[in-house]
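Please read the structure below before turning to the comments.
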Amino acid sequence: MYASQWFLTLFTAKFPLCMVFHIIDLLLCEGMNIIFHVALALLKTSKEDLLQADFEGALKFFRVQLPKRYRAEENARRLMEQACNIKVRMDFIASHSPGT
Numbered sequence: 001m002y003a004s005q006w007f008l009t010l011f012t013a014k015f016p017l018c019m020v021f022h023i024i025d026l027l028l029c030e031g032m033n034i035i036f037h038v039a040l041a042l043l044k045t046s047k048e049d050l051l052q053a054d055f056e057g058a059l060k061f062f063r064v065q066l067p068k069r070y071r072a073e074e075n076a077r078r079l080m081e082q083a084c085n086i087k088v089r090m091d092f093i094a095s096h097s098p099g100t
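Heads up, the sequence shown is in full-length UniProt numbering, so the first residue is 1 and it goes up one at a time.
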């Protein structure tokens with residue numbers, strides 16, 4: 001529900017422009033995989049909040065609270081650093097892709 005909107009809009013629908021600018025810069029420099037890395041970094045940094053929430057609470061968290069966290073440019077910059085440091089093995093991706 002939330003991730004498809006992130007991917008379809010490149011995070012522009014909910015997140016502050018300072019964060020979106022970082023994402024677009026990285027997209028142009030690093031390629032499409034950075035979109036998935038940003039999503040993984042968002043989930044990783046939100047792990048504790050998500051584990052404590054019920055389904056409705058998680059949806060509200062993604063819609064309201066998560067975008068508010070990144071209004072400060074420093075928070076957005078730190079998230080981008082985390083996204084760039086996420087390592088995903090290609091064999092893991094291939095084994096979880098449809099048709100494999």
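All residues carry an ideal CB built from backbone N, CA and C; glycine is no exception.
Can the beta-carbon of residue i be found closer than 8 Å to that of residue j?
i     : j     : result
Cys70 : Leu59 : Reading off the sequence, residue 70 comes out as Tyr, not Cys. No, the pair does not count as a contact, with Cβ atoms beyond the cut-off.
Gln82 : Thr45 : yes
Pro16 : Pro98 : no
Cys18 : Glu56 : no
Does DSSP classify residue i as helix, strand or coil?
i     : result
Val88 : coil
Asp54 : coil
Phe36 : helix
Ala41 : helix
Beta-carbon within less than 6 Å of residue i's beta-carbon, same chain only, minus the 5 sequence neighbours each way: which residues are those?
i     : result
Ile34 : Leu26 and Leu27
Gly14 : Reading off the sequence, residue 14 comes out as Lys, not Gly. Once the five neighbours on either side are set aside, the close Cβ partners of Lys14 are Pro67.
Report all residues from its chain with a CB closer than 8 Å to the CB of residue i; omit the five preceding and five following residues, and keep chain order.
i     : result
Leu10 : Val20, Ile23, Ile24, Leu27 and Ile35
Beta-carbon within less than 7 Å of residue i's beta-carbon, same chain only, minus the 5 sequence neighbours each way: which residues are those?
i     : result
Thr12 : Val20
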